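Student: The opening position of the sequence shown corresponds to residue 1 in the UniProt record's numbering, with each subsequent residue numbered one higher.
Glycine is no exception: its CB is placed at the ideal position from the N, C-alpha and C atoms.
Since the structure is predicted, the reported quantities are computational estimates derived from the model, not experimental observations.
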Amino acid sequence: MADKMPVLFISHGNPMLALDKAAGADYAAWGKALPRPKAILIFSAHWEEPGLVFGETRRHDKLIYDFHGFPPPLFQVQYPAPGAEGLLRDIRVLFDEEIPQRPRGLDHGVWVPLLHMWPDADVPVLQMSLPRVSNQGLFELGRRLAPLRAQGVIIAGAGTLTHNLREGLGGGYTATPEWASRFDAWVAQTLVEDRRRLLTWETEAPEAQRNHPSPEHFRPLLISAGAADEDEAPSFPTVGYDLFTFSKRSVQFG
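1) Cα-Cα, which of Arg149, Gly240, Leu138 and Pro215 is closest to Arg182?
2) Would you tell me roughly how many angstroms separate the C-alpha atoms of Met117 and Ala81, rounded to the nearest one?
3) Can you give the Cα-Cα distance for Phe95 and Arg144, rounded to whole angstroms?
4) So Phe95 is in the beta strand (DSSP E); what residue range does that whole segment cover?
5) Does the stretch 151–169 come into contact with the stretch 232–248, if we say contact requires no fewer than three beta-carbon pairs (one atom in each stretch) closer than 8 Å?
6) Whole angstroms are fine: how far does the CA of Arg102 sit from the CA of Leu8?
7) Quick check: what's the CA-CA separation for Ala156 versus Pro213?
8) Within 10 Å of its beta-carbon, does Ser134 have 16 or more other beta-carbons around it, so buried, or fewer, so exposed?
9) Would you say the stretch 111–127 touches the stretch 3–23, given that touching needs at least three Cβ pairs under 8 Å?
10) Can you list, in chain order, the residues of its chain whose CB lies under 8 Å from that of Gly137, leaving out five sequence neighbours each side?
11) Output needed for Arg210: all residues of its chain with C-beta closer than 7 Å, excluding positions within five of it in sequence on either side, in chain order.
12) Gly55 to Asp66, Cα distance in whole Å?
13) CB-CB under 6 Å to Ala233, same chain, minus the five flanking residues each way: which ones, in chain order?
14) Can you tell which of Thr200, Pro72 and Ala150 has its C-alpha closest to the C-alpha of Met5?
15) Report the option in Gly142, Gly171, Ala84 and Met128 whose CA atom is closest to the CA atom of Ile99.
16) Reducing DSSP to helix, strand and coil, say where Ile64 ends up.
17) Can you give, in chain order, each stretch of the alpha helix (DSSP H) that sits fully within the stretch 180–210 and has at least 4 residues?
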């Protein structure tokens with residue numbers, strides 16, 4: 001096991017990625033290149049709460065299919081990864097607080113990419129809610145969780161760097177529009193040069209509101225950025241666009 005596990009931001013893709021091995025090849029290669037963790041702690045854009053809540057700690061036999069209008073095979077996908085009750089206890093000790101828990105299964109922001117990255121579903125997974133706190137609060141949450149990396153835990157956020165459903169699904173694009181590519185490039189450059197500028201992304205990034213009419217798909221990145229050491233340079237294991245507007249850029253620190 002590596003001395004310290006990496007921190008990830010996973011561009012989780014659309015649900016159909018789960019059924020497409022070719023489209024998931026970059027995720028599969030990324031997963032093979034990662035050190036094997038003791039557990040994965042993950043925050044998804046698809047589970048927001050006012051504060052922190054732990055999800056299911058038993059084996060993940062009941063996934064959440066939080067979408068509609070997709071083919072029936074997608075609703076039959078399984079990802080029975082072990083739960084991570086020990087990690088829950090470690091976080092409660094680390095934070096010195098009794099964070100609540102409920103038996104909520106993994107949503108598609110988690111199980112879709114993990115199907116490709118850890119296809120054997122043999123790594124324990126613990127999902128926590130994405131708390132509705134400030135950008136600074138999310139960054140600080142990542143910093144508080146960072147010691148878990150030395151205990152064999154991969155800390156991951158799952159979202160999408162550009163996420164305008166209305167334009168992406170109904171805009172009729174045949175090439176990536178500049179409003180998406182400029183935003184994606186700004187995030188990549190900011191991660192390399194000064195990731196703390198992400199805290200003011202709504203006002204600094206080009207066409208931030210157009211790329212994120214609501215911020216939940218960007219916010220997991222702030223937790224990941226906070227959990228990374230200041231001297232850890234980012235790499236981008238998956239890049240490109242889905243349906244021309246949804247950035248597939250994922251991020252790894254360490």
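Tutor: According to the data block:
1) As a working mapping, residue 182 is identified with position 182 in the sequence shown. Out of Arg149, Gly240, Leu138 and Pro215, Gly240 has the C-alpha closest to the C-alpha of Arg182.
2) Position 117 of the sequence shown, counted from the first residue, corresponds to residue 117. Position 81 of the sequence shown, counted from the first residue, corresponds to residue 81. Whole-angstrom Cα-Cα distance: 12 Å.
3) Against the sequence shown, residue 95 aligns to sequence position 95. Against the sequence shown, residue 144 aligns to sequence position 144. Going by the C-alpha atoms only, they are around 8 Å apart.
4) Your numbering for residue 95 matches position 95 in the sequence shown. It is not in any beta strand (DSSP E) - Phe95 instead sits in the alpha helix (DSSP H) that spans Glu85 to Phe95.
5) yes
6) As a first step, residue 8 is located in the sequence shown; it is residue number 8 there, counting from the start. As a first step, residue 102 is located in the sequence shown; it is residue number 102 there, counting from the start. For Leu8 and Arg102, the distance between alpha carbons rounds to 24 Å.
7) Position 156 of the sequence shown, counting from 1, holds the residue named residue 156. Position 213 of the sequence shown, counting from 1, holds the residue named residue 213. Distance between the alpha carbons of Ala156 and Pro213: 23 Å.
8) Locating residue 134 in the sequence shown gives position 134, counting from the first residue. Answer is exposed; the Cβ neighbour count stays below 16.
9) yes
10) By one-based count along the sequence shown, residue 137 stands at place 137. Answer for Gly137: Pro131, listed in chain order.
11) On the sequence shown, position 210 is the one that residue 210 refers to. For Arg210, where only same-chain residues beyond five positions count, the Cβ hits under 7 Å are Asn164 and Trp179.
12) As a first step, residue 55 must be located in the sequence shown, where it is residue number 55. As a first step, residue 66 must be located in the sequence shown, where it is residue number 66. Taking the straight line joining both Cα atoms gives about 15 Å.
13) If you number the sequence shown from 1, residue 233 lands on position 233. So no residue of the chain qualifies.
14) Along the sequence shown, read from residue 1 onward, the residue named residue 5 stands at position 5. Among Thr200, Pro72 and Ala150, the Cα nearest to that of Met5 belongs to Ala150.
15) The residue given as residue 99 occupies position 99 in the sequence shown. Residue Met128 is the option with its Cα nearest to Ile99.
16) Within the sequence shown, residue 64 is the residue found at index 64, counting from 1. Coil.
17) 201–204
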